[in-house]
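Asks: Questions regarding the structure given below will be posed in turn.
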Amino acid sequence: MYYLGISAYYHDSSVALIDDKGEILDFKKEEWHSRVKGDKSFPRLALEEIISNFDLNEKNIKFITFYERPVRAWITILKHSVKNNPIANDLTRNFFKNAFNSSMRFQMDLSKYLNLNKIKILYADHHLSHTLSTYYYYRDTPSLSLVIDGYGDKYCSSIHLIKSNKEIINLWNSEYPNSLGLFYSAITDYLGFEINEGEYKMMGLASYGEPVHFKKLSKTIKFENDKLEIDTDYYDYVRRIDRSYSELIPKLFDLQPRNSNETLILGTDTFKKYADVATSAQKVLEDLLQKIFEYAFKKTSIKKFLLSGGVAMNSVAVKKIGELPFVDTLNVPPSPGDSGAAIGAALYGYLKDDEKIINKSNEIINKNFYPGKLISDESFFDLVLEKISDNTNSLKETSKLIIENEIVATCYGNIETGPRALGHRSLICNAHNEKLISKLSTEVKKRNLFRPTAPVILEEFANDYFEINNSIINCYYHMSTVATPKEKFKNSIKGVVHADNTSRVQICNKEQLLGKILTFLKNDKIYLIANTSFNISSDPMVYSKEDAYLAMERMGIKYLLTEKGLYKKK
Amino acid sequence: MIISPEKNNNLLSTIMEFSYAEYGSALEMLAASKKTTNPKLKIGYIRHALDEYRHTQLLHKILNNQIKNGIGKFENKFRFSPKNVISKGYIDKNGFLVEKFKLKNFVEFVYSNEFLAKQSFEYLSKRISDTNSLNTIKDIIKEEDGHADDSLTVMNDIMKDENVHHGMAKKFYLTKFSEAQLKVAFTREKFKNRMRTFYFKNLKFLGHIFDPILNFLINIFGKIVNLISIPNDKDENLMSSKNPNSVV
Numbered sequence: 001m002y003y004l005g006i007s008a009y010y011h012d013s014s015v016a017l018i019d020d021k022g023e024i025l026d027f028k029k030e031e032w033h034s035r036v037k038g039d040k041s042f043p044r045l046a047l048e049e050i051i052s053n054f055d056l057n058e059k060n061i062k063f064i065t066f067y068e069r070p071v072r073a074w075i076t077i078l079k080h081s082v083k084n085n086p087i088a089n090d091l092t093r094n095f096f097k098n099a100f101n102s103s104m105r106f107q108m109d110l111s112k113y114l115n116l117n118k119i120k121i122l123y124a125d126h127h128l129s130h131t132l133s134t135y136y137y138y139r140d141t142p143s144l145s146l147v148i149d150g151y152g153d154k155y156c157s158s159i160h161l162i163k164s165n166k167e168i169i170n171l172w173n174s175e176y177p178n179s180l181g182l183f184y185s186a187i188t189d190y191l192g193f194e195i196n197e198g199e200y201k202m203m204g205l206a207s208y209g210e211p212v213h214f215k216k217l218s219k220t221i222k223f224e225n226d227k228l229e230i231d232t233d234y235y236d237y238v239r240r241i242d243r244s245y246s247e248l249i250p251k252l253f254d255l256q257p258r259n260s261n262e263t264l265i266l267g268t269d270t271f272k273k274y275a276d277v278a279t280s281a282q283k284v285l286e287d288l289l290q291k292i293f294e295y296a297f298k299k300t301s302i303k304k305f306l307l308s309g310g311v312a313m314n315s316v317a318v319k320k321i322g323e324l325p326f327v328d329t330l331n332v333p334p335s336p337g338d339s340g341a342a343i344g345a346a347l348y349g350y351l352k353d354d355e356k357i358i359n360k361s362n363e364i365i366n367k368n369f370y371p372g373k374l375i376s377d378e379s380f381f382d383l384v385l386e387k388i389s390d391n392t393n394s395l396k397e398t399s400k401l402i403i404e405n406e407i408v409a410t411c412y413g414n415i416e417t418g419p420r421a422l423g424h425r426s427l428i429c430n431a432h433n434e435k436l437i438s439k440l441s442t443e444v445k446k447r448n449l450f451r452p453t454a455p456v457i458l459e460e461f462a463n464d465y466f467e468i469n470n471s472i473i474n475c476y477y478h479m480s481t482v483a484t485p486k487e488k489f490k491n492s493i494k495g496v497v498h499a500d501n502t503s504r505v506q507i508c509n510k511e512q513l514l515g516k517i518l519t520f521l522k523n524d525k526i527y528l529i530a531n532t533s534f535n536i537s538s539d540p541m542v543y544s545k546e547d548a549y550l551a552m553e554r555m556g557i558k559y560l561l562t563e564k565g566l567y568k569k570k
Numbered sequence: 571m572i573i574s575p576e577k578n579n580n581l582l583s584t585i586m587e588f589s590y591a592e593y594g595s596a597l598e599m600l601a602a603s604k605k606t607t608n609p610k611l612k613i614g615y616i617r618h619a620l621d622e623y624r625h626t627q628l629l630h631k632i633l634n635n636q637i638k639n640g641i642g643k644f645e646n647k648f649r650f651s652p653k654n655v656i657s658k659g660y661i662d663k664n665g666f667l668v669e670k671f672k673l674k675n676f677v678e679f680v681y682s683n684e685f686l687a688k689q690s691f692e693y694l695s696k697r698i699s700d701t702n703s704l705n706t707i708k709d710i711i712k713e714e715d716g717h718a719d720d721s722l723t724v725m726n727d728i729m730k731d732e733n734v735h736h737g738m739a740k741k742f743y744l745t746k747f748s749e750a751q752l753k754v755a756f757t758r759e760k761f762k763n764r765m766r767t768f769y770f771k772n773l774k775f776l777g778h779i780f781d782p783i784l785n786f787l788i789n790i791f792g793k794i795v796n797l798i799s800i801p802n803d804k805d806e807n808l809m810s811s812k813n814p815n816s817v818v
């Protein structure tokens, strides 16, 4: 029997499939198919592909679980808006008008693809879905799961105590609108970046400034008396649909909101002013996260932590939390945001099935980063690409290209589960060549100069090059945190060290694709590869071979590595 | 959807709409490339998609040029967000055109709309004064014209393919692209576009009618909603305390 989990209607829709042993068989994001970044529509294309690849039907699906409780999610915001805003308020009206487009239409959308008369539909709490999506990968109990995101059904943050498969206790919550995620998004919006997309950019920008506004900003959101509270006078997400911050925020910083069409030029006064805002907001986020973690520890004395929700994608904050003295382990799932919550929803269905349990497993990490059945046709490449090596020799040939300072794109096997490219949908090059990395980031990927590029290193050399924190060791395997490079090697890998003297390093083993390439490269004294996702900024990651060829053309990439061989543009 | 810029006072919004329309076309072409098994067609669709992506970027440059030249001020709505391609209706969340149409109708649609796009760009060019932007638009017009021609070529290829597989070529060539057939398709698409434009242009007016009704409903519903209390689940076992079938 199969168990499906679905996340949709807020952002990054996705579908996850679990089998009757509790293993992930597939995970698909709708944006990979629709090519619309952050696509929140019902994941019809993702679902259709999974149904087709696994011959799913009403006879072999036990439960389909939706990742939140739709009516509760809708009513919570409407209730707050009706209570606190005038009736003619934009947010209230918009919410009311779009009820039919919200998650409340889930069953109706789903019924177009499966016969729901014979399949049971379940609903999991939004934050429980997050917790279970992390627990799937890290099963040590008892542990504390902290879910920190924008908004789920009713809650914005939660602390769950995981005692076992069947016992997850809700210890603490912050209710809407008291949200660390929405706070960070509001400042992202103020800085001219798109919400749910620009948070990475803001985090990158934060490395260049000073936290000069920290004190002022931390008065607008605080953790006091075991409660997270936001001053909504400063934040318009509770009353407007076109803006997340109020007029008080520009006054607070004495700086007008940035227009997104104005380029941030490194070294200018304007750049510094906005970087200071980003740094201050990042510091407020880290400070509040620390307080919530301290509270969780004081309440339970448990030192094993899991972190999920959109805020868990803040790799800089993950490093800081991992350094807290009471944290023995901190684990983040490969896909901590709402899309990954589909995995938790599927697991909820599985665990709700009578006596089904999942066992502790030490091998789970690194195993399920690329689930799915590979069905791929690249025969059309013959018309436009030249195969320069078949799959028996392609990795060695790829390593030669890297030595020759070429940039190679990969569209290899199944795609990564999470938002970070771990080698299967990557652009890779020699990490010791700073100029090449700068070209990769700005000319090829068309990203802002202030955004960092990440390095990949084999397990055996990680400690030589970086200060590795064992309490967050698993996070390095899917780029969920950053590490400080060691002084003696810093100069040789400048291109992958960010302004704050950290690198979002990916550690890999010899079995993984990039590990195999690095094994060839170490003979030539190249120990690190620079790795960034194979997509143009604002596009989803490349998924199919058609996407790969299109992206090659758009980005001017010459080489492509697939599971069938290495290609060169004709 | 193609907007007629000569009847739209807001030039910046118009350019932005064009960029979403081009982006939507790029996604449609990419979807078409994935649907076909014919390698030549696949590459053809991808090349068409590449052009449309490039047009989107060029339109953003044109928009920035207009702002630099003092024609309007930047507003948040001019921040390009790919998701808007769905909310604005340029892509149907229920299916790409290639999924909804038979190939023949799909190509007819593309042909008609590329032709309409070319016309719309010609209108737009009359309202652009800076030389750089104007030249960019002229280049786009040439390419849109090419796309319309490409559609005919693609149609030919599809039908050649059908000939091989289904022995239908003869029948096709008898009926192939009679002027009348394409004219009907073209008129149909033009009518649909006009209707869409009419709807979007009158959204504000419709708001005047429906917003008071909506406010009245919110007023009543709000009172009911305020009476609903969502239970607190603090200290509860989330795996067992709640009904898994409940949507609340």
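As you go down the protein sequences, you meet chains C and U in turn. Quick note: this note's numbering has the first sequence finishing at residue 570, numbered continuously throughout. Quick note: this note's numbering has the second sequence finishing at residue 818, numbered continuously throughout. All C-beta atoms in this analysis are idealised placements derived from N, C-alpha and C, irrespective of residue type, glycine included.
Would you mind reading off the limits of the beta strand (DSSP E) that contains ALA16(C)?
Replies: 14–18
Asks: I'd like the list of long-range same chain contacts for LYS568(C), defined as Cβ closer than 7 Å, with 5 residues on each side in sequence excluded.
Replies: LEU385, GLU386, ILE388, LYS558 and TYR559
Asks: Would you call SER879(U) buried or exposed, if buried means 16 or more other Cβ atoms sit within 10 Å of its Cβ?
Replies: Residue 879(U) is absent from the structure shown; chain U starts at 571 and stops at 818.
Asks: Helix, strand or coil for ALA296(C), going by three-state DSSP, please let me know.
Replies: In the structure shown, ALA296(C) sits in a helix (DSSP, three-state: H, G or I).
Asks: Is GLY622(C) helix, strand or coil by DSSP?
Replies: Given a span of 1 to 570 for chain C in the structure shown, any question on residue 622(C) remains unanswerable.
Asks: From this set, LEU228(C), TYR245(C), CYS156(C) and GLY209(C), which residue's C-alpha is nearest GLU194(C)'s C-alpha?
Replies: For the options LEU228(C), TYR245(C), CYS156(C) and GLY209(C), the alpha carbon positioned closest to that of GLU194(C) is the one of TYR245(C).
Asks: Starting from the Cα of TYR681(U), find the closest Cα among THR757(U), GLN636(U), ASP709(U) and LEU787(U) and give me that residue.
Replies: THR757(U)
Asks: Counting only beta-carbon atoms, is GLU229(C) nearer than 8 Å to chain U?
Replies: no
Asks: Can you pull the chain C residues whose beta carbon is under 8 Å from the beta carbon of ASN705(U), in chain order?
Replies: Result: empty, since nearest Cβ-Cβ is about 21 Å, beyond 8 Å.
Asks: Would you decide whether GLU378(C) is buried or exposed? Buried here means 16 or more other CB atoms lie within 10 Å of its CB.
Replies: buried
Asks: Below 8 Å between beta carbons is the criterion; list the residues of the segment 96–116 of chain C that meet it against any residue of chain U, in chain order.
Replies: PHE96, LYS97 and MET104
Asks: Check the DSSP bridge columns for LYS304(C) and list the partner residues they point to.
Replies: Its beta-bridge partners are THR329(C).
Asks: Is the Cβ of PRO70(C) closer than 8 Å to any Cβ of chain U?
Replies: yes
Asks: If we ignore side chains and look at the alpha-carbon of each, how far apart do PHE742(U) and LYS674(U) end up?
Replies: Confidence at PHE742(U) is low in this model, with a pLDDT of 38, below 50, so the placement of that residue is unreliable and no value is reported for it.
Asks: Can you confirm whether ALA619(U), when its beta carbon is compared against all beta carbons of chain C, has any partner nearer than 8 Å?
Replies: yes
Asks: Looking only at C-alpha atoms, which of TYR549(C), ASP524(C) and GLY192(C) sits nearest to ILE536(C)?
Replies: TYR549(C)
Asks: Any idea which residues DSSP pairs SER145(C) with across the strands?
Replies: HIS160(C) and LEU306(C)
Asks: Check this for me: beta carbons of TYR123(C) and ARG44(C), under 8 Å apart or not?
Replies: Not in contact: TYR123(C) and ARG44(C) (Cβ atoms no closer than 8 Å).
Asks: Check whether the segment 314–328 of chain C touches the segment 347–356 of chain C, taking contact to mean three or more Cβ pairs, one atom from each stretch, closer than 8 Å.
Replies: With the cut-off at 8 Å, the segment 314–328 of chain C and the segment 347–356 of chain C do not touch.
Asks: State the DSSP-derived secondary structure class of PRO589(C), mapped to helix, strand or coil.
Replies: The displayed coordinates of chain C run from 1 to 570. Any statement about residue 589(C) would go beyond what the structure contains.
Asks: Spatial neighbours of ASN94(C) within its chain, please: CB distance less than 7 Å, with the 5 preceding and 5 following residues excluded, ordered by chain position.
Replies: ILE241
Asks: GLN506(C) lies in the beta strand (DSSP E); which residues open and close that run?
Replies: 506–508
Asks: Quick one: list the residues of chain C neighbouring ASN796(U), beta-carbon separation under 7 Å, in chain order.
Replies: LYS79, VAL82 and LYS83
Asks: On the DSSP letters alone, give me the boundaries of the beta strand (DSSP E) that GLU175(C) sits inside.
Replies: 167–175
Asks: Three or more beta-carbon pairs under 8 Å between the segment 641–654 of chain U and the segment 525–534 of chain C, yes or no?
Replies: no
Asks: Looking at chain C, is there any beta carbon in it that lies within less than 8 Å of the beta carbon of ARG649(U)?
Replies: yes
Asks: For ASP233(C), which residues from the same chain have a beta carbon less than 7 Å from its beta carbon, with the 5 sequence-adjacent residues on both sides left out?
Replies: Correct list, in chain order: SER246 and LEU248.
Asks: Under 8 Å, Cβ to Cβ, is there at least one residue of chain C near ASN634(U)?
Replies: Taking 8 Å as the threshold, the shortest C-beta distance from ASN634(U) to chain C falls below it.
Asks: Using CA coordinates, which residue listed in LEU383(C), THR329(C), ALA278(C) and GLY192(C) is at the minimum distance from ASN608(U)?
Replies: Here the closest residue by C-alpha is LEU383(C).
Asks: Between the Cα of SER394(C) and those of LYS564(C), GLU175(C) and GLU487(C), spot the shortest distance and give me the residue it belongs to.
Replies: Looking only at LYS564(C), GLU175(C) and GLU487(C), the smallest Cα-Cα distance to SER394(C) is reached by LYS564(C).
Asks: At a CB-CB cut-off below 8 Å, which residues of chain C make contact with VAL817(U)?
Replies: ARG69, PRO70, VAL71, ARG72, MET104 and TYR123
Asks: Closest by CA to ASN359(C), which one among SER538(C), TYR135(C) and LYS522(C)?
Replies: Measuring from the Cα of ASN359(C), the nearest candidate turns out to be TYR135(C).
Asks: To the nearest angstrom, how far is the alpha carbon of THR502(C) from that of LYS486(C)?
Replies: 10 Å
Asks: Would you list the one or two residues that DSSP bridges to LEU252(C)?
Replies: DSSP output for LEU252(C) lists no bridge partner at all.
Asks: Which residues in the same chain have their Cβ closer than 6 Å to the Cβ of SER158(C), if we skip the five residues on either side of it in sequence?
Replies: HIS127, VAL147 and ASN173.
Asks: Using the rule of at least 16 other Cβ atoms within 10 Å of the residue's Cβ for burial, across every protein chain shown, is PRO70(C) buried or exposed?
Replies: buried
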